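What follows is one structure encoded as structure tokens, with my remarks underneath.
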Amino acid sequence: MLGCVRIATVRQMAQVITGEGSDGRSYVRRAMVELAKLGLAETNGKDGKHQIWNLTPAGQKALADGNELPARPKAGTGAKAVRAGFGPHAVAVTDTILAYTDTVLGGRREYLTDWQVEVNHAIKETGLSFNTDAVLAVPTKTSEVRLFELDNGTMSQARLAKEVWDYERYAGHRVWEGARGTIGGTYPFWQRHRYTRSKTFPRLHVVLAGKAEHLLDNRLQALTAAVHGITIAVWVNTLPRLQRGEPWYEIGVDDPHRRRARYPEPVGR
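First residue of the sequence shown: 10, per the numbering used here; consecutive thereafter.
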């Protein structure tokens with residue numbers, strides 16, 4: 010689990026490995042202490058009273074050597090994020106992953122290996138670069154991809170809206186392809202260089218957390234207004250509602266034709 014989500018508390022790990030209705034926190038706590046003695050795991054901070062655990066570089070190497078997960082050579086351990094004060098946000102991301110797995114994917118724990126966190130999306134030519142909090146690639150014939158952005162109540166509403174619009178800017182960027190001297194053509198950057206098997210730009214899921222539910226409802230309404238007219242599929246929910254299995258709110262619809270008209274075509278060679 011730590012190899013996928015990087016950061017988790019004992020409560021979260023027990024939620025994954027123990028049966029319904031049972032409490033395996035004591036077992037997990039003892040296991041983490043043993044892994045720490047072996048130099049495979051460590052704790053660098055707390056979320057409230059709960060210690061936050063992550064693998065060490067040696068722990069990641071041991072996991073990779075065991076072929077338990079797909080190779081992720083650039084993945085960090087998450088220790089720096091915790092020490093920098095981002096532990097509560099990372100714990101909320103893990104809660105989002107667990108809640109989505111439980112309520113949308115039917116609690117099928119094998120799907121946990123299909124998650125990645127802190128996935129960079131960048132376009133060098135335009136300078137656009139941002140990290141997606143979590144990406145889910147469901148192993149189907151179409152390699153269905155879902156993007157997740159979590160706001161833990163720490164950013165302004167304007168900044169949250171900008172982060173959502175960044176996804177449209179990423180989706181709208183096109184590249185010119187063709188041999189020199191030929192007519193050539195343009196293609197969406199994401200479709201050629203990132204999600205090559207996706208027919209549509211992956212849906213963005215925005216999860217709101219970190220505040221009382223009535224305040225999260227206010228943020229949801231504000232975000233809905235701020236991204237009105239966006240041309241990518243955007244669904245939003247609060248973390249408490251997601252954990253209860255309540256439906257998502259659709260606040261953006263994928264519209265590749267309108268998106269193409271909104272962003273300039275690249276100049277051919």
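In this text, a Cβ means the ideal position worked out from N, Cα and C, and glycines have one as well. The structure presented is a predicted model; accordingly, all values stated were derived computationally and were not measured.
The beta carbons of aspartate 104 and glutamine 21 sit about 7 Å from each other, so the pair counts as a contact at 8 Å. Non-local C-beta neighbours of glutamine 60 in its own chain, meaning closer than 6 Å and more than five positions away in sequence, comprise Thr52, ordered along the chain.
When DSSP reads this structure, arginine 155 sits in a beta bridge with Leu145 and Arg212.
Glycine 181 is positioned such that its CB atom lies no closer than 8 Å to that of arginine 92. Under the DSSP assignment, tryptophan 257 falls outside any beta strand (DSSP E); it carries neither an H nor an E label. Bridge partners of arginine 183 according to DSSP: Pro197. Here threonine 18 carries a strand assignment [DSSP, helix/strand/coil]. Counting only residues of its own chain and dropping the five nearest sequence neighbours on each side, isoleucine 132 has a CB closer than 7 Å to the CB of Tyr179, His182 and Phe198. Taking a cut-off of 8 Å on C-beta distances, the stretch 31–49 does not touch the stretch 120–135, as fewer than three cross pairs fall below it. A direct Cα-Cα distance of roughly 11 Å separates arginine 250 from tyrosine 258.
With contact defined as three or more Cβ pairs closer than 8 Å, the stretch 231–242 and the stretch 207–219 are in contact. Under the three-state reduction of DSSP output, isoleucine 61 falls in the strand class.
Annotation: the continuous beta strand (DSSP E) that includes histidine 130 extends over 124–132. If you look at alanine 270, you'll find it in the alpha helix (DSSP H) that goes 265–271.
For a cut-off of 8 Å, the C-beta gap from alanine 88 to alanine 99 is around 11 Å, too long to register as a contact. Selection His266, Ala71, Pro97 and Lys58 evaluated against tyrosine 196 yields His266 as nearest (Cα-Cα).
The three-state secondary structure of asparagine 227, taken from DSSP, is helix.
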